[in-house]
Amino acid sequence: LKGLRGAERKAKSRKESVALQALGFFQKLYAIERAAKDATPAARQQLRDERARPLVEALRRWLDDALPRVAPQTLTGKALGYLDHQWPKLVRIFDDGRIPLDTNLVENAIRPFVVGRKNWLFADTTRGAHASANLYSVIETAKANGLEPFAHLRLVFTELPRAQALADFEALLPRNLDRARMLDPGQGAADV
19 LKGLRGAERK AKSRKESVAL QALGFFQKLY AIERAAKDAT PAARQQLRDE RARPLVEALR
79 RWLDDALPRV APQTLTGKAL GYLDHQWPKL VRIFDDGRIP LDTNLVENAI RPFVVGRKNW
139 LFADTTRGAH ASANLYSVIE TAKANGLEPF AHLRLVFTEL PRAQALADFE ALLPRNLDRA
199 RMLDPGQGAA DV
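Just so we're aligned, residue 19 is where the sequence shown starts under the working numbering, counting upward by one.
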């Protein structure tokens, strides 16, 4: 969907029909997603199967027809090529109702990191840069799951040395954490 942003600007300024047709498909997809905003993943999946799948199948047929008619070096051609290349990722929304239609939440979460990237250009070592990126990922994942990052890190760093089996590690994932343990101020305080 990101690939269509440039084509969208061009389409609006020139009233280019191919780009406007593509945007029409995506506007309909987003309308379906808005209708499913508060739905459970199972209900969202059902709505997608009933309403979005036929639309995406029509989009695929339209894309196959439009690709040879648009010069690949144009903004619209690049956007259509990007859509064609990313197609397997787009249709993943039909695998699981929890999968978002786009990556806007992730992009918004990492924006401060990307903006501050120049501050990390001079990390002393590659390992330090990787450690910084990993820590940032853990913190943003905690935030995305509604957890307070410091409490999350305190619990993870307390429990991680005790983890032995895969189930122990999976229990530390933000979606699996016992939030009551995170809220207990005495939990792991002696270990930290």
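For each residue, glycine too, the CB sits at the ideal point set by N, CA and C.
For Ile50, which three-state DSSP category applies?
-> Helix at Ile50.
What are the start and end residues of the alpha helix (DSSP H) that includes Phe168?
-> From DSSP, the alpha helix (DSSP H) with Phe168 extends over 167-177.
Cβ neighbours of Trp80 in the same chain (closer than 8 Å, five flanking residues each side left out) = Contacts found: Gln39, Ala40, Phe43.
How about the segment 101-120 and the segment 61-70: do they share at least three Cβ pairs that are nearer than 8 Å?
-> Cβ pair count under 8 Å is three or more, so yes.
Residue-level contact to chain C via CB, Leu65, 8 Å cutoff = No chain C is present in this structure, which holds just one protein chain.
Around the Cβ of Leu123, are there at least 16 other Cβ atoms within 10 angstroms (buried) or fewer (exposed)?
-> Exposed.
Mind reading off the beta-carbon distance from Thr94 to Ala37? Whole number of angstroms is fine, and I expect it under 8 Å.
-> Cβ-Cβ separation between Thr94 and Ala37: approximately 5 Å, consistent with a contact (criterion under 8 Å).
Does DSSP put Asn163 in a helix, in a strand, or in coil?
-> Of the three classes helix, strand and coil, the one that applies to Asn163 here is coil, per DSSP.
Proximal residues to Arg193 (C-beta, below 7 Å), its chain only, five neighbours per side dropped | Same-chain partners within the cutoff: Asn163.
Leaving aside the five residues before and after Ala57 along the sequence, list all residues of the same chain whose C-beta is less than 7 Å from its C-beta, in chain order.
-> If we look at Ala57 and ignore the five residues flanking it on each side, its Cβ neighbours are Leu65.
Contact set for Val88: own chain, Cβ-Cβ below 7 Å, skip 5 residues either direction = Excluding positions up to five away in sequence, the list reads Val36, Thr94, Gly95, Leu98.
Would you grab the beta carbon distance between Leu85 and Ala70 for me? Rounded to a whole angstrom, and I think it's under 8 Å.
-> Between Ala70 and Leu85 the Cβ distance is about 22 Å, and since that is not below 8 Å, they are no contact.
Same chain only: Cβ atoms within 8 Å of Ala76, ignoring 5 sequence neighbours per side = So the qualifying residues of the chain are Phe43.
Ala60, buried or exposed, once every other Cβ within 10 Å from all chains shown has been counted against 16 = It is exposed - the Cβ of Ala60 has fewer than 16 other Cβ atoms within 10 Å.
Within the same chain, show all residues whose beta-carbon is closer than 7 Å to that of Glu177, passing over the 5 residues directly before and after it, in chain order.
-> So the list reads Leu190, once near-sequence residues are dropped.
Compute the distance between the beta-carbons of Leu195 and Leu173, then report whether it is under 8 Å.
-> Yes. Within cutoff.
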